[in-house]
Amino acid sequence: MKPNKLYRVTLQEMTEQTNKFGQTMLDANNNTLKSVQVRQSPEQKREMLEWMMRLARLYQDFPDLFPTGKHQVGNDPVQYSVKEMMEDFLERYDGWRMLSSRHLYKSFIDRHNWMLDNVVEQLHQQDMLDDVEYMLRNYQIRFWTSRKERMSASIRNSGLWKV
Numbered sequence: 002m003k004p005n006k007l008y009r010v011t012l013q014e015m016t017e018q019t020n021k022f023g024q025t026m027l028d029a030n031n032n033t034l035k036s037v038q039v040r041q042s043p044e045q046k047r048e049m050l051e052w053m054m055r056l057a058r059l060y061q062d063f064p065d066l067f068p069t070g071k072h073q074v075g076n077d078p079v080q081y082s083v084k085e086m087m088e089d090f091l092e093r094y095d096g097w098r099m100l101s102s103r104h105l106y107k108s109f110i111d112r113h114n115w116m117l118d119n120v121v122e123q124l125h126q127q128d129m130l131d132d133v134e135y136m137l138r139n140y141q142i143r144f145w146t147s148r149k150e151r152m153s154a155s156i157r158n159s160g161l162w163k164v
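Residue 2 is where the sequence shown starts when you use the numbering used here, and the numbers rise one by one after that.
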């Protein structure tokens, strides 16, 4: 597989999430909890899923490289262990892989990159610098959105144009 690259994607914010009583849920920053889909080409999605699956396999083989305990990553409203994050990813993997209409969620990419950062830190501590470079080149998922999209998101989130 070729080294990772920078992906150009579109981020699609979903409707706010509610609990079983119809109350709006809040994220880690006390904002309305909304999932964000990462819309990309089928080829890009396949590649991103492969990087994520590689990290899941690494976790199966070397769990000691990953942090223990529960952690709050990105805007997740609760803390999860790495095991729970991996199980959540693996439960969704086949649906994402097989259905072109299903897009990845930004929170899963945030978790992936957070776990990767922790693995890289462990490798640094063990002076495995060649492996650090390899991990960053071959596992990290990086993407960008257009300037117009970023500006639009900033305006929507500013609160100035609430109806």
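No residue lacks a Cβ here, since even glycine has one placed at the ideal position from N, Cα and C.
Item: Short Cβ contact (9 Å threshold) for GLN38 with GLN13; Value: yes
Item: N-terminal and C-terminal residue of the alpha helix (DSSP H) that PHE90 is part of; Value: 83–99
Item: Minimum Cβ-Cβ distance from TRP115 to chain C less than 9 Å; Value: Absent from the structure is chain C; it holds one protein chain and no more.
Item: DSSP three-state assignment for MET116, whether helix, strand or coil; Value: helix
Item: Given ILE142 as reference, the closest of HIS113, PRO78, GLN123, GLU122 once Cα atoms are compared; Value: HIS113
Item: Nearest-angstrom Cα separation, counted from GLY96 out to ASP128; Value: 38 Å
Item: Backbone secondary structure at SER36 - three-state DSSP; Value: strand
Item: Sub-9 Å separation of ASN139 and PHE67 beta-carbons; Value: no
Item: Under the three-state DSSP convention, the category GLN24 falls into; Value: coil
Item: DSSP three-state assignment for HIS104, whether helix, strand or coil; Value: coil
Item: Anticipated Cβ contact below 8 Å, LEU117 with MET136, distance rounded; Value: 7 Å
Item: Proximity winner among VAL79, GLU92, ASP65, relative to LYS71 (alpha-carbon distances); Value: VAL79
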